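Peer 1: Chains as they are written, first to last, in the numbering used here: chain Y, 1 to 64; chain G, 1 to 246.
Positions of the beta carbon are idealized from the N, C-alpha and C atoms, including for glycine.
Values in this document were obtained by computation on a predicted structure and should not be read as measured data.
Take this structure first; my questions come after.
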Amino acid sequence: MQWNSIGEFFAMGGYALYVWGSFGACVLLMVAEPFLVKRRLSEVRQSLIRERLADELDSQQRSQ
Amino acid sequence: MRQSIVQWFKFASPQSFYPLAGRLIPWFWSAAAIFGIAGLWIAFFVAPTDAQQGEGYRIIFVHVPASWMSMFIYLVMAFWAGLGLALNTRVSGMMAQALAPTGALMAALSLWTGALWGKPMWGAWWVWDARLTSELILFFLYLGFIALQAAIDDPRRADKAGAILALVGVVNIPIIYFSVKWWNTLHQGSTINLNKAPSMAQTMLWGMLLMALCFWMYSIAVALMRVRAIILERERHTEWVKHAVE
């Protein structure tokens, strides 16, 4: 390992902005994307469940 | 037809592909996490400091995987789009649609990390060099594909229009790949070549390959999640979808 201290690790030999800017952007986008996709999936699931409940209520009222 | 082939064709229907994708997703997330942790460990704690670029070269561990995936996802997307156009299978178009945003994300990351690498090493965030320009065109092709599909209401027609755009755009992939050979560019040549030994330290190479595998598994996992959402959205009028969600 080439780091003598934590400070040295974060300084990245003077390239901190560039190295952490690159890795940071990757982490940010690769966390945000699955989060947004998960939300899209649960939104369509929720609306399908609501639709089915509405259908069930509809058929109950009609049978009464 | 042989039984095994028939079984594979079964997954061309959204109804059987939806649960299969659901079962596969956790495996791809786990693989992405394992490769990512191993890759990052090598990238920061095992790989030595570069003789010329100091610690700045470590950007390679995300730049190269993102760039590879941006090109590879495009090829896969065009393959699915073409298959959908030729065979009119429903899942193919959905797969192409699910891959596009992830491909655009990889192209964006490739350009972003490239700019952050270019500034300290070349002294410029951006140059209109063949490699960089063709990668920017790839990013715009993804955005164009997404915008074109979003602009057409009928999903089957959107698939067809998107497929033609995707297939025409494939010509850009070899241009990106060979740009460093065909033109005199500022961008360095490929570090990994099929017919000669890689021009980098073994540990650096391993770190890069592990990170590439992590990006690969991530892309599959997130695309499968998105294709599940697309299946439910597009098939919501069908009977099976009503019973697929509890």
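Between the alpha carbons of Gly22 (chain G) and Ile173 (chain G), how many angstroms are there, rounded?
Peer 2: 31 Å
Peer 1: Going by DSSP, name the residue or residues bridged to Asp50 (chain G).
Peer 2: DSSP lists G:Gly54 as the beta-bridge partner residues of Asp50 (chain G).
Peer 1: Taking C-beta pairs closer than 8 Å, name the residues in chain Y that Lys160 (chain G) reaches, listed in chain order.
Peer 2: Per Cβ cutoff of 8 Å: no residues; Lys160 (chain G) is ~23 Å from chain Y at best.
Peer 1: Output, in chain order, the set of chain Y residues within a Cβ distance shorter than 7 Å of Met71 (chain G).
Peer 2: Correct list: empty, because the minimum Cβ distance to chain Y is about 17 Å.
Peer 1: Terminal residues of the continuous alpha helix (DSSP H) containing Asn172 (chain G)?
Peer 2: Asn172 to Trp182
Peer 1: Comparing the C-beta of Ile152 (chain G) with each C-beta of chain Y, is any distance below 7 Å?
Peer 2: no
Peer 1: Could you please give the first and the last residue of the uninterrupted alpha helix (DSSP H) stretch that includes Ile146 (chain G)?
Peer 2: Counting along the chain, the alpha helix (DSSP H) containing Ile146 (chain G) begins and ends at Ala130 to Ala151.
Peer 1: For Gly36 (chain G), name the three-state secondary structure that DSSP assigns.
Peer 2: Note: Gly36 (chain G) maps to helix in three-state DSSP.
Peer 1: Check whether the region 41–50 of chain G and the region 74–84 of chain G are in contact - that is, three or more C-beta pairs closer than 8 Å.
Peer 2: no
Peer 1: Is the CB of Gly21 (chain Y) under 7 Å away from at least one CB in chain G?
Peer 2: yes
Peer 1: In three-state terms, what does DSSP make of Phe11 (chain G)?
Peer 2: Judged by DSSP in its simplified three-state form, Phe11 (chain G) adopts coil rather than helix or strand.
Peer 1: Taking the alpha helix (DSSP H) that His63 (chain G) falls in, what are its first and last residues?
Peer 2: Ile60 to Leu87
Peer 1: Between G:Ser70, G:Ser16, G:Glu55 and G:Tyr18, which lies nearest to Trp66 (chain Y) when the distance is taken from Cα to Cα?
Peer 2: Given that chain Y is displayed from residue 1 to residue 64, the structure contains no residue 66 (chain Y) and the question cannot be resolved.
Peer 1: Just checking: is the beta-carbon of Pro120 (chain G) within a distance shorter than 7 Å of some beta-carbon in chain B?
Peer 2: Checking the listed chains, one finds no chain B in this structure; the protein chains it contains are Y and G.
Peer 1: Could you check whether the Cβ of Val31 (chain Y) sits closer than 7 Å to any Cβ belonging to chain G?
Peer 2: No, because no Cβ of chain G sits closer than 7 Å to the Cβ of Val31 (chain Y).
Peer 1: Would the region 105–112 of chain G count as touching the region 60–67 of chain G if we require 3 or more Cβ pairs under 8 Å?
Peer 2: yes
Peer 1: Touch check for the region 200–210 of chain G and the region 92–102 of chain G: three-plus C-beta pairs under 8 Å?
Peer 2: no
Peer 1: Whole angstroms is fine: what's the gap from Met121 (chain G)'s alpha carbon to Ile6 (chain Y)'s?
Peer 2: 25 Å
Peer 1: Residues of chain G with CB closer than 7 Å to the CB of Arg40 (chain Y), please, in chain order.
Peer 2: Ala229
Peer 1: Counting only beta-carbon separations shorter than 7 Å, does Met225 (chain G) have a partner in chain Y?
Peer 2: yes
Peer 1: Taking contact to mean 3 or more Cβ pairs, one atom from each stretch, closer than 8 Å, check whether the region 126–142 of chain G and the region 161–172 of chain G are in contact.
Peer 2: yes
Peer 1: Tell me the rounded alpha-carbon separation between Val127 (chain G) and Met12 (chain Y).
Peer 2: Taking the straight line joining both Cα atoms gives about 25 Å.
Peer 1: Name, please, each residue of chain G whose Cβ falls closer than 8 Å to the Cβ of Arg45 (chain Y).
Peer 2: Near Arg45 (chain Y) (Cβ distances below 8 Å), the residues of chain G are Leu232 and Val245.
Peer 1: When the cut-off is 7 Å and only beta carbons count, does Leu48 (chain Y) lie next to chain G?
Peer 2: Yes - at least one Cβ of chain G is within 7 Å of the one on Leu48 (chain Y).
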